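Okay, structure first, notes after.
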Amino acid sequence: MKIFNLHRPSNPVLYATLGDNPSIRDSSTNGLSNNIKKNRLEHVCNRSHSTAPPNRKHLIKKLPKAIQPHVEKMWDVRGDGHCGYRAAALGLGRSQDSFMEIRQKIVEEIKHRNEFYSHPGVLAHFTVQSLLNSIGTKSSCPCGRSHWLRAPDTFQIMANAFETPVIVYERGNSYVCFPHFCPPNDNPPIVIGKIPGINHVYSLKLKPDHNIPFPKGLQVWSQSASPEALAWELKYPPCLTEIAQEFQTYVPVPFFKKIINAAFSCVGTT
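With the working numbering, the residue at position 44 of the sequence shown is 34, and numbering never jumps.
Encoded structure:
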């Protein structure tokens, strides 16, 4: 997986974890009809988690070293299979419980520009239909891997839906998803933290610094963005020093070999 300057994730990944979600089993549903059980389950799933997610400062050291001094908070959203969308909600200044709204907005974006996303070379790994299938769940209950966030393509569409960059910091696999259509604006970016080997993402709050190191944009974006959108790279110039190698040092690895060796989930296009 890694080649310096290729600036594109070599394999698609799923971002979520089901290991930390609280149990939603309710012994009081024993003997009840399936409809009643379903309604009670939905009630549990829709409970608001109004308290702020925990700030995992001790995990900042697991991010790329170059970004560590610039991270103010590393919020640990609920690990219920929706974590990628929960983290995005926080990055947009919303509650993590608005993750279903984030999903719906991305679905609307795909349908609105279906022809564009279906064009070869626009998406890095997944087909439009597979993304719609994974994003478009109707339930807010903990979900299985078929509905986990599929990176980097979902982040790319998210950038278009909310007209703001999505920045992912992970050792050896950092990148930026810029909007395809709009010129640079002052919308705060969605900043995601990822720890290698863990099926989970975190929402990062960066300090108001002027020297934050940014990874490069996706190669597929630069090949398909509108002329005015290409100016995003001037607003978020990629780091061109030796620390850029810490962000991205891709060495291509045969895909199925990567699936076998990876400590995190990798899936093929469906």
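We put the beta carbon where it would ideally sit given N, CA and C, even for glycine. Treat the numbers as computed from the prediction; the structure is a model and nothing was measured.
Quick one: grab the DSSP three-state call for residue i.
| i | result |
| --- | --- |
| Y226 | coil |
| E153 | coil |
| R161 | coil |
| N189 | coil |
| A221 | helix |
| R135 | helix |
| F204 | strand |
| L196 | strand |
| N177 | coil |
| K184 | strand |
| I50 | helix |
Distance check for residue j and residue i, CA to CA, integer angstroms please.
| i | j | result |
| --- | --- | --- |
| I185 | K52 | 6 Å |
| P228 | F237 | 10 Å |
| A78 | S193 | 7 Å |
| I180 | F145 | 9 Å |
| Q213 | G111 | 8 Å |
| H72 | C133 | 7 Å |
| L80 | W222 | 22 Å |
| A149 | K225 | 15 Å |
| D66 | L82 | 15 Å |
| I188 | G162 | 14 Å |
| H190 | G69 | 7 Å |
| S120 | G126 | 10 Å |
| L49 | L139 | 21 Å |
| K128 | S88 | 13 Å |
| N104 | G207 | 22 Å |
| A215 | T41 | 39 Å |
| E153 | L220 | 13 Å |
How about residue i: is its Cβ closer than 7 Å to a heavy atom in the ligand GTP?
| i | result |
| --- | --- |
| P227 | Questions concerning the ligand GTP fall outside what the structure shown contains, since it holds no ligand whatsoever. |
Would you call the CB atoms of residue i and residue j closer than 8 Å?
| i | j | result |
| --- | --- | --- |
| W211 | C167 | yes |
| Q86 | P44 | no |
| V97 | L196 | no |
| Y107 | I92 | no |
| P155 | A56 | no |
| L113 | D143 | yes |
| A151 | K101 | no |
| P205 | Y165 | yes |
| S124 | H137 | yes |
| E99 | I157 | no |
Give me, in chain order, the residues of the same chain whose beta-carbon lies closer than 6 Å to that of residue i; leave out the 5 immediate sequence neighbours on both sides.
| i | result |
| --- | --- |
| G183 | L53, M64, Y159, Y192, L194 |
* **Unbroken stretches of the alpha helix (DSSP H), 4 residues or longer, contained in the region 55 to 115** => Qualifying alpha helix (DSSP H) stretches, in chain order: 73 to 81, 89 to 102, 104 to 108.
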